[in-house]
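Residue numbers (our numbering): 119 to 448. Even glycine gets a Cβ: it sits at the ideal position worked out from N, Cα and C. What follows is a short report on a single structure.
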């Protein structure tokens, strides 16, 4: 049986020097007042994600006849309770990792490292708030939350031919919460257990996903790989966090397209490149599962140039004749 990881040493956000704390507080408020953050936190207060938020995730299980499909909107009171919490919330009381606070404190405000450490603190802050809201005993959802969470898909009957069927009775155990990013679902080893699972989910929903700034996204139509922000994306993000959100468009959720070519497979990112925030956040297999790798030009944009190069070779005349694709004529 896996034991929970020991929580790292933490200090209150108020321990930051005045200028650093002011930057942190402003950035956090700018995040929390976005519609996306408000909706995400309200779902934790509700007790269940909305249908749209749930199905916009990768790695879903037990979807057949799942009752979450009926949960199309937040239950009454969830949004109001979330806003009431936010109105009374004091960011200075947040407990943040001592090591992260020290690293942020050591950076001059005009340094890029300052911005990177600020983002790291913001992710920790959002995670901490999500843990608190998930653990609230009173939920806004009307109905049996656990019955929805524990849903197991009924047997699937597959028609093989006229009068010939086969029944798939495979039972897939459900996750302990529907607020789950499958890659970050190892609650047995998390300091806050299942609440940390929900908090990683919330981070992904709000930010788009980890450090010179890498993100790991779980939306079903986005790349599954760990990817890095482009410089214009990073600058837009920092302008929003440090500026007036009423005049700067929210950059959330941050997403990747083919121009975000600096990427790593999730296994490689953690195993070889030390891209993670908490060493316990994921449980890596002993070896990389190459069978799970999706080789396509969306997840691996570098393949496009390779394919173009191959196509160029095939289209290049050789000794006055077109290459037939099989052999060069001399």
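- prompt: What separation, rounded to the nearest whole angstrom, lies between the Cα atoms of residue 401 and residue 301?
  reply: 8 Å
Inter-residue spacing [alpha-carbon to alpha-carbon] between residue 158 and residue 323: So the alpha carbons of these two residues sit roughly 7 Å apart.
task: Answer with buried or exposed for residue 442, where buried requires no fewer than 16 other C-beta atoms within 10 angstroms of its C-beta.
output: Unreliable positioning characterises residue 442 in this predicted model, as indicated by a pLDDT of 41, which lies under 50. The coordinate reading is nonetheless provided below. Burial call: exposed.
query: Counting Cβ pairs, one atom from each stretch, are 3 or more of them under 8 Å apart for the region 207-219 and the region 260-268?
result: no
message: Within 8 Å, do at least three Cβ pairs link the region 131-141 to the region 222-232?
response: yes
message: Buried or exposed for residue 212, going by 16 or more other Cβ atoms inside 10 Å?
response: buried
CA-to-CA distance, residue 410 to residue 272, given in whole angstroms: 26 Å
task: Would you be able to state if there are at least three C-beta pairs under 8 Å between the region 184-194 and the region 239-255?
output: no
query: Buried or exposed: residue 298, going by 16 or more other Cβ atoms within 10 Å of its Cβ?
result: buried
field: Whole-number beta carbon distance between residue 372 and residue 355, since they are thought to touch under 8 Å
entry: For residue 355 against residue 372, the beta-carbon gap comes to about 7 Å, under 8 Å, which counts as contact.
message: Which complete alpha helix (DSSP H) runs does the region 263-317 hold, if anything under 4 residues is left out?
response: 263-267
- prompt: Buried or exposed: where does residue 319 fall if 16 or more other Cβ atoms within 10 Å of its Cβ makes it buried?
  reply: The residue is buried, with at least 16 neighbouring Cβ atoms inside 10 Å.
message: Give me the residue from 277, 237 and 278 with the minimum Cα distance to residue 353.
response: When only C-alpha atoms are compared, the closest one is 237.
task: Using the Cα positions of residue 189 and residue 381, report the straight-line distance between them to the nearest angstrom.
output: 35 Å
field: Beta-carbon spacing of residue 266, residue 185 below 8 Å
entry: yes
- request: Please classify residue 65: is it buried, with 16 or more other beta-carbons within 10 angstroms of its beta-carbon, or exposed?
  value: Since the first residue shown for the chain is 119 and the last is 448, residue 65 is missing from the structure and cannot be characterised.
query: Taking the Cβ atom as the reference point for each residue, do residue 162 and residue 251 lie within a distance shorter than 8 Å?
result: Taking 8 Å as the Cβ cut-off, residue 162 and residue 251 qualify as a contacting pair.
- request: Compute the Euclidean distance between the alpha carbons of residue 362 and residue 226, then round it to the nearest angstrom.
  value: 22 Å
message: Using a 10 Å radius around the Cβ and a threshold of 16 neighbouring Cβ atoms, would you call residue 149 buried or exposed?
response: buried
query: Is the beta carbon of residue 370 sitting closer than 8 Å to the one on residue 154?
result: Here residue 370 is near residue 154, since their CB atoms are less than 8 Å apart.
task: Using DSSP bridges, identify the partner residues of residue 215.
output: 128
- request: Output the boundary residues of the alpha helix (DSSP H) element that contains residue 233.
  value: 230-252
query: Does the beta-carbon distance from residue 285 to residue 277 come in below 8 Å?
result: no
message: When you compare the CB positions of residue 294 and residue 270, do they come within less than 8 Å of one another, or not?
response: no
message: My output table needs one value for residue 190: the three-state DSSP class, helix, strand or coil.
response: coil
message: Could you compute how far the alpha carbon of residue 421 sits from the alpha carbon of residue 234?
response: 30 Å
Nonlocal neighbours in the same chain, by C-beta distance under 7 Å from residue 172, ignoring five residues either side: 186 and 296
query: Which residues in the same chain as residue 268 place their Cβ atom closer than 7 Å to its Cβ, once the five residues preceding and following it in sequence are excluded?
result: 292
message: Between which two residues does the alpha helix (DSSP H) holding residue 365 run?
response: No alpha helix (DSSP H) holds residue 365; DSSP gives it neither H nor E.
- request: Please go through the same chain and pick out, in chain order, the residues whose beta-carbon is closer than 7 Å to the beta-carbon of residue 314, but skip the five residues on each side of it.
  value: 249, 305 and 308
message: Taking 8 Å as the limit between beta carbons, can you name the residues of its chain near residue 81, skipping five residues before and five after?
response: For the chain, the structure presents residues 119 to 448; residue 81 sits outside this window and is missing.
message: Does residue 330 pass the burial test, meaning 16 or more other C-beta atoms within 10 Å, or should it be called exposed?
response: Confidence in residue 330 is poor, its pLDDT being 45 and thus under 50, which makes the residue's placement too unreliable to answer from.
query: Taking the alpha-carbon positions, what's the residue 343 to residue 254 distance?
result: 33 Å
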